[in-house]
Amino acid sequence: MDFGPTTVMEPMIQTAIHRGPTLTYQRDLLSYMKTYWKDINGDDESFWEARITSSSPVLFVEIPCELGADSVPSTLKPACISSSVRGQDAIYYFNRVVNLFKTLTTYDFLGAAGIYPSSTATYTLAQINAAVKAKWVHLFIYITNTLLNMSQGYTPAFDCTSGSLNAVSYYYHLKGSIIDGTLVPIDTPKAGTCGATGLKYPPKGGSTTPTTTATAPTGTSTSVPTKATIVGVTSSGTQTGCLLTAGTWSVQTCATYTITTVSGGFTLTTSKGLCQVSGGTLSCSSSVSTGTVFTSSGGSLAYSGSTAFTGDSVPSGTTQVTIYTGSSHAQDITLKIVST
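Oh and the sequence shown: position 314 is 314 in full-length UniProt numbering, straight run, nothing missing.
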């Protein structure tokens, strides 16, 4: 029976990918895998081999080689693949998996709901699932049935170790060939190992983003990163949303802020330009010629020595809330600086 992959052990995964038909692209694929698909014990090759081997019952199933009139192989059985390159099955597999992985930006899914790595914050499983479900969507467009442009979210399975998020599994139904067919998201068919409450989302260990030191007017010294997102924390301690490029507060995708050390503190810059406080209102724009000097206290953004900021409401959906200094509006918040 021709049931499994040819590429496990001989030739090795890396060798198989290097032999790909478009060498530059395959080297890029391998480079990406070496950077982002790492083995916890440092043995990437064995780890990758285990992945494709464990997938064999699904990817190399005994069904007819051709699927429909397009003559595209329906499985990754070597006998079904017309190629002179030994290991082409591995190339197809890892190319498909890596491209799918690039669409599953779990950090961004959670961050859009104000959920970021923290050594102290805890979350419920419902909060985490809702955050992913809001972003991991499948678009439905029906013409004859009148339904147009409706998107539906799905729930993955989160696994935990000692109450901390450890892994997430996304599930799909496949329509068409495993090589280029359509992957349709589905809700997880089984629950992960995380409990319902008290879940932690700890920062990764290892090296950290380089930091610079800014000296506050009071003479205290606080380290801040050179790149960061700025997360809103309500008076109840709940992390909700973050600042966008214009300096507004929203639950949409966070902006990256560049932090530049200057005399007495630091300035903030986004893709829109320098940030300033003018008339008690925070904004970032290309029209700002001189950025406001900020400081930090306890990891939070401070203006004129105070970490107090305020808005008219807590953002939801696509709403953008203007941020003011002080406590003159309905919703008090602090702005947490999170290294990226």
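We put the CB at the ideal spot given by N, CA and C, even for glycine.
All values reported here derive from a predicted model rather than from experimental measurement.
Three or more C-beta pairs below 8 Å linking the segment 232 to 252 and the segment 326 to 336:
yes
Once DSSP output is grouped into helix, strand and coil, what is the label at Val288?
For the purposes of this step, residue 288 is taken as residue 288 along the sequence shown, with counting starting at 1. Of the three classes helix, strand and coil, the one that applies to Val288 here is coil, per DSSP.
Where does the unbroken alpha helix (DSSP H) through Phe101 begin, and where does it stop?
Stepping through the sequence shown from its first residue, residue 101 is reached at position 101. Counting along the chain, the alpha helix (DSSP H) containing Phe101 begins and ends at Gln88 to Thr103.
What does the alpha-carbon distance come out to for the pair Leu147 and Thr182?
Here residue 147 refers to the residue found at position 147 of the sequence shown. Here residue 182 refers to the residue found at position 182 of the sequence shown. In this prediction, Leu147 scores a pLDDT of 44, lower than 50, which makes its location untrustworthy; the coordinate-derived value is nonetheless stated afterwards. Approximately 20 Å between the Cα atoms of the pair.
Trp249 - partner residues in DSSP beta bridges
Counted from its first residue, the sequence shown places residue 249 at position 249. Leu243 and Val321, per the DSSP bridge assignment.
Any 3 or more C-beta pairs closer than 8 Å across the segment 306 to 324 and the segment 90 to 110
no
So, does the segment 100 to 113 touch the segment 39 to 54, judging by three or more C-beta pairs under 8 Å?
no
Spell out the partners DSSP gives Ala302 in its beta bridges.
Locating residue 302 in the sequence shown gives position 302, where the first residue counts as 1. Answer is Thr295, bridged to Ala302.
Considering only the alpha carbon of each residue, which of Gly299, Leu125, Gly298 and Leu282 lies closest to Gly291?
Taking the first residue of the sequence shown as position 1, residue 291 is located at position 291. Minimum Cα distance to Gly291 is reached at Leu282.
Using 9 Å as the threshold, is the C-beta distance between Gly195 and Ala157 below it?
Taking the first residue of the sequence shown as 1, we reach residue 195 at position 195. Taking the first residue of the sequence shown as 1, we reach residue 157 at position 157. Against a cut-off of 9 Å, the Cβ pair of Ala157 and Gly195 comes out as no contact.
Taking the C-alpha atoms as reference points, what is the distance between residue 353 and Tyr123?
For residue 353 there is no data in the structure shown, the boundaries of the chain being 1 and 340.
I need the boundaries of the beta strand (DSSP E) containing Asp159, first residue and last residue.
Against the sequence shown, residue 159 aligns to sequence position 159. That run of the beta strand (DSSP E) goes Ala157 to Thr161.
Thr218, DSSP secondary structure in three states:
Along the sequence shown, read from residue 1 onward, the residue named residue 218 stands at position 218. Confidence at Thr218 is low in this model, with a pLDDT of 36, below 50, so its placement is unreliable and no value can be given for it.
To the nearest angstrom, how far is the alpha carbon of Ser327 from that of Gln276?
Taking the sequence shown and counting its residues from 1, the one referred to as residue 327 is at position 327. Taking the sequence shown and counting its residues from 1, the one referred to as residue 276 is at position 276. For Ser327 and Gln276, the distance between alpha carbons rounds to 18 Å.
Sorted by chain position, which residues of the same chain lie with C-beta nearer than 8 Å to Gln127's C-beta, five sequence neighbours on each side aside?
Taking the sequence shown and counting its residues from 1, the one referred to as residue 127 is at position 127. Around Gln127: Ala113 and Ile115.
Simplified DSSP assignment, three categories, for Thr310
Within the sequence shown, numbered from 1, the residue matching residue 310 stands at position 310. Three-state DSSP puts Thr310 in a strand.
For the alpha helix (DSSP H) holding Thr106, just list the boundary residues, first then last.
Position 106 of the sequence shown, counted from the first residue, corresponds to residue 106. Run containing Thr106: Thr106 to Gly111, per the alpha helix (DSSP H) assignment.
In the DSSP assignment, what residue or residues form a beta bridge with Cys275?
By one-based count along the sequence shown, residue 275 stands at place 275. DSSP output for Cys275 lists Cys284 as bridge partner(s).
If we call anything under 9 Å between Cβ atoms a contact, is Leu104 one with Trp136?
Numbered from 1 along the sequence shown, position 104 holds the residue referred to as residue 104. Numbered from 1 along the sequence shown, position 136 holds the residue referred to as residue 136. Yes.
Can you tell which of Val293, Thr229, Asp312 and Ala90 has the C-alpha that lies nearest to the C-alpha of Ser304?
Counting from one through the sequence shown, the residue named residue 304 turns up at place 304. Looking at the Cα atoms, Val293 is the closest of the given residues.
Nearest-angstrom Cα separation, counted from Ser119 out to Tyr257:
If you number the sequence shown from 1, residue 257 lands on position 257. If you number the sequence shown from 1, residue 119 lands on position 119. Tyr257 and Ser119: Cα-Cα distance of roughly 22 Å.
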